[in-house]
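To start, the structure itself, in structure tokens.
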Amino acid sequence: MRVPVFGQQRSRAVVPACAAALTLVLVPGCGFFTLGPAGAGGEQSTVEASGEAPALAELVESGELEAVEERLPEDPVVVEPVERIGRYGGEWNSATLGVNDWPWLGRTVGYEELTRWDPEFEEAIPNLAEDWEYNDDATELTFTLRAGLKWSDGEPFTSDDVVFAINDVLDHDDLAPGVEPISAEKTDDLTFTIFFSEPDALWAGHSLLQYQVVTKPKHYLERFHEDHNPDADALAEQEGYGSWVDLFEREAGVSNSARYWQNPDIPTMAPWKTTEALSDAGRMVLDRNPYYWKVDSEGNQLPYLDRVVFDILQDEEMMLTRALNGDINMHARHFNTLHNRPTVGHAREPGGFEFFELETSEMNTNAIAFNLTHEDEELREIFNDKDFRIAMSHAINRQDIVDVVYQEQGEPWQLAPREDSPFYNETLAEQYTEYDVDLANRILDEAGYEERDGQGVRMSPDGARVSFTLSVPTGFRPDIVDSMEMVVDQWAALDIDVDLQAEDRDLWVERNQNNEHDANVFSGDNGTQDLLYDPRWYAPTQGGESNFAIPWAQWYVSRGNDDRGQEPPEDVREQLAIYDEVKAEPDPERQEELMHDLLEISQEQFYAIGVSLPPPSYGIVADDFHNVPGSMPSSSIYNDPGPSNPEQYFIE
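Residue 257 in numbering that gives the first Met the number 0 is what sits at position 258 of the sequence shown, and the numbering runs on without skipping anything.
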């Protein structure tokens, strides 16, 4: 079964406008790219390389660099500018919070995988690979690469690079211990097959998984690998490392992806190449990749911008100050909170910038998870009582929280896909959201919680005092703390003793992972297309994220081999079996049907409680910084702003 590629499965509202973009040079607001050569499911590319950056033209003139038509594939990928054809030159000024903030780099200057998301976040489309195909049970995935691709040092990018990354790095016990085993086999320079230990029909659309397999140039890294260089240990010792594994990690960043951005020597397939490395101070700089393999619709080699500069700042307040002063020309991370929006909005005119909208995929401002696997038997019995959870949900005045904390933006919502998601479930979204304290008290009374102790606190049917701690991480989102203060006050009307406890985020994560929490709160992620890849709130699929039952998720992820795991009840196992079917089903339509079945079980289980639908977020873009869409999806799976093609941003 062939995976659909860009241009094949679009709504009627989208296809005509963007079909026009394949023939017109300037189509404001479209921002798609064509996908030649023919046979890949897209249009045949007929654009020939023509223009290039003046600095590169000078190198060609001096004989230091090949001509642009020799550096590019015969059929380069064509990027349709969002507004208009750009001009060469200038710097993109952004910012990071140091080494641990490396994901922002992947989202902005490193979004080049085998596949990528189309701008509307509807389907995976070709990128480095022009085509791919699963076998019937999704245990094998065959890719065909584009012909003529080159690394930033001019060496060919071929199947050898991907096979090396998978077989010699990600499937190597010393370099990537604990990684789910996969292997790869080369057919020819452009074709290879990946073999999965278990079916994985989602891998082709999951760019976060592909990142590691397209950042390992074999010609550069093989000299650091003992299987390719018998003197690798001696080289490591010469470089001051204890073993070849330590040296390889420095060069490639296998277990720590930040190290990839700390190595200016490693070639890349991205629009810009690191020249000043990522650190915890100073700045990081990336310069134009002369072998970048995409052009605009007039054949001009991309990127337009000469370089990208990330100032390395110490905290979000410093980043906010830089943004307010107009020192950042495009950014959408850390400082762009709802709380800061009025302040940032007032600074737009003097700062010389405007907003662009981020259509968030988050489906809830607050995900309240009672620990269904609590080690305390009495609390576990209480939390597993669905009537108890329903009553607690009815006692939340969601509209008050929306009005007070979220500036009247949003609406009451459970942990459910957003309305614009292909997986929308109206009942799941709206059930038990009616604010009715009398109803909540009646449900608790009828469920056997009518007795009170000497302090007026309800007792469970088994005689346990209904008292627990609700933990919230600090240094994450202040609005969650504010929301939970209101929730705890509202729950007081039920005669239930709840202690709100703010914890350092690292401690919060540790206690969560170790199943030591009573109940906790986090953001509700994955409410659009991304829930297909990470349904953490709809079923216990993520060992570190399904906070309502971490041990169930650990059991599922490890197939029962994690000592921390607990086997879930039968009905939960049946739901997890459906997700196994999703991962083994190459047909997107059948995948969608199965996910609806999974969500119907989520509706019945009512694992955790939501508060409200998050409002859209925002980023900032300078008045002279162009080709940034006025609106774009936002999700950790989508990796915004990467799919908006930053290589076609320009300054005028």
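Glycine included, each C-beta is placed from N, C-alpha and C at the ideal position.
One or two residues paired with residue i in a DSSP bridge
{"i": "I193", "result": "L140 and A183"}
{"i": "N519", "result": "A368 and S470"}
{"i": "D310", "result": "A94 and R282"}
{"i": "H595", "result": "Its beta-bridge partners do not exist; DSSP assigns none."}
{"i": "R287", "result": "W271"}
{"i": "I400", "result": "For I400, which the question treats as bridged, DSSP gives no partner whatsoever."}
{"i": "V294", "result": "V77 and Q300"}
{"i": "R451", "result": "R457"}
{"i": "N363", "result": "G523"}
{"i": "V497", "result": "F467"}
{"i": "I650", "result": "F624"}
{"i": "G609", "result": "A366"}
{"i": "F352", "result": "A621"}
Start-to-end residues for the beta strand (DSSP E) that takes in residue i
{"i": "M631", "result": "S630 to S633"}
{"i": "W116", "result": "T114 to W116"}
{"i": "T426", "result": "Per DSSP, T426 belongs to no beta strand (DSSP E); it is in the alpha helix (DSSP H), E425 to E429."}
{"i": "V77", "result": "V76 to V78"}
{"i": "S616", "result": "S616 to A621"}
Span of the alpha helix (DSSP H) around residue i
{"i": "E129", "result": "Not the alpha helix (DSSP H): E129 falls in the beta strand (DSSP E), residues A128 to Y133."}
{"i": "G105", "result": "P102 to T107"}
{"i": "F382", "result": "E376 to F382"}
{"i": "K385", "result": "K385 to H393"}
{"i": "A415", "result": "Looking at the DSSP string, A415 is not in any alpha helix (DSSP H), and its letter there is neither H nor E."}
{"i": "K582", "result": "E569 to K582"}
{"i": "I124", "result": "Premise fails: I124 lies in the beta strand (DSSP E), A123 to P125, not in any alpha helix (DSSP H)."}
{"i": "Q553", "result": "I549 to S557"}
{"i": "I442", "result": "V436 to L443"}
{"i": "D152", "result": "Neither: D152 is in no alpha helix (DSSP H) and is coded neither H nor E."}
{"i": "P53", "result": "P53 to E60"}
{"i": "D160", "result": "S158 to V162"}
{"i": "D199", "result": "From DSSP, D199 is part of no alpha helix (DSSP H); its letter is neither H nor E."}
{"i": "N511", "result": "R504 to Q512"}
Pairwise C-alpha distance: residue j and residue i
{"i": "G88", "j": "P615", "result": "32 Å"}
{"i": "L23", "j": "E651", "result": "With a pLDDT of 25 at L23, under the threshold of 50, the predicted position of this residue should be treated as unreliable, though the coordinate-derived value follows. Spanning the two alpha carbons is a distance of roughly 23 Å."}
{"i": "A652", "j": "V213", "result": "Given that the chain is displayed from residue 0 to residue 651, the structure contains no residue 652 and the question cannot be resolved."}
{"i": "L723", "j": "Q602", "result": "Only positions 0 to 651 of the chain appear in the structure, and residue 723 is not among them; the question remains open."}
{"i": "K217", "j": "A146", "result": "18 Å"}
{"i": "N560", "j": "S254", "result": "22 Å"}
{"i": "S611", "j": "R106", "result": "27 Å"}
{"i": "V487", "j": "S545", "result": "22 Å"}
{"i": "L443", "j": "G204", "result": "45 Å"}
{"i": "A439", "j": "L427", "result": "19 Å"}
{"i": "R441", "j": "E429", "result": "20 Å"}
{"i": "W260", "j": "V308", "result": "13 Å"}
{"i": "E68", "j": "L58", "result": "14 Å"}
{"i": "M391", "j": "D435", "result": "10 Å"}
{"i": "F247", "j": "F223", "result": "6 Å"}
{"i": "R249", "j": "N513", "result": "31 Å"}
{"i": "A394", "j": "I381", "result": "17 Å"}
{"i": "W507", "j": "G543", "result": "12 Å"}
{"i": "L589", "j": "L201", "result": "The sequence shown places Arg at residue 589, not Leu. One C-alpha to the other measures close to 13 Å."}
{"i": "E599", "j": "D524", "result": "18 Å"}
{"i": "F422", "j": "Y537", "result": "12 Å"}
{"i": "S633", "j": "N383", "result": "34 Å"}
{"i": "G618", "j": "M483", "result": "27 Å"}
{"i": "A19", "j": "P72", "result": "Here the model assigns A19 a pLDDT of 28, short of 50, so the residue's position is not dependable, and the following value carries that caveat. Rounded to whole angstroms, A19 to P72 spans 25 Å at the Cα level."}
{"i": "G474", "j": "D461", "result": "38 Å"}
{"i": "I549", "j": "R572", "result": "14 Å"}
{"i": "D494", "j": "A607", "result": "21 Å"}
{"i": "V480", "j": "G241", "result": "46 Å"}
Contact set for residue i: own chain, Cβ-Cβ below 8 Å, skip 5 residues either direction
{"i": "N99", "result": "A257"}
{"i": "Y648", "result": "G85, W91, P302, Y303, L304, M329, F624, H625, N626 and V627"}
Close beta carbons around residue i, own chain, < 7 Å, minus the five adjacent residues each side
{"i": "A269", "result": "V108, G109, E111 and N288"}
{"i": "D399", "result": "M485"}
{"i": "S557", "result": "G564"}
{"i": "G351", "result": "G325, A621 and D622"}
{"i": "Q406", "result": "L337"}
{"i": "D226", "result": "D167"}
{"i": "G30", "result": "With a pLDDT of 35 at G30, under the threshold of 50, the modelled position of that residue is not reliable, and the figure given next carries that caveat. Excluding sequence neighbours, G30 sits near E79, V81, P118, P628, S643 and N644."}
Same chain only: Cβ atoms within 6 Å of residue i, ignoring 5 sequence neighbours per side
{"i": "I636", "result": "D529 and Y532"}
{"i": "G281", "result": "I311"}
{"i": "T141", "result": "E132 and T192"}
Residue-level contact to chain D via CB, residue i, 8 Å cutoff
{"i": "S254", "result": "Judged by its chain identifiers, the structure shown contains no chain D, having just a single protein chain."}
Taking the runs of the alpha helix (DSSP H) that are 4 residues or longer, which of them lie wholly in the segment 210 to 279? Here the runs fully enclosed are 217 to 220, 231 to 237 and 243 to 251.
Every unbroken beta strand (DSSP E) inside the segment 319 to 347 [3 residues or more]: Taking only runs of at least 3 residues, no beta strand (DSSP E) segment lies wholly in the segment 319 to 347.
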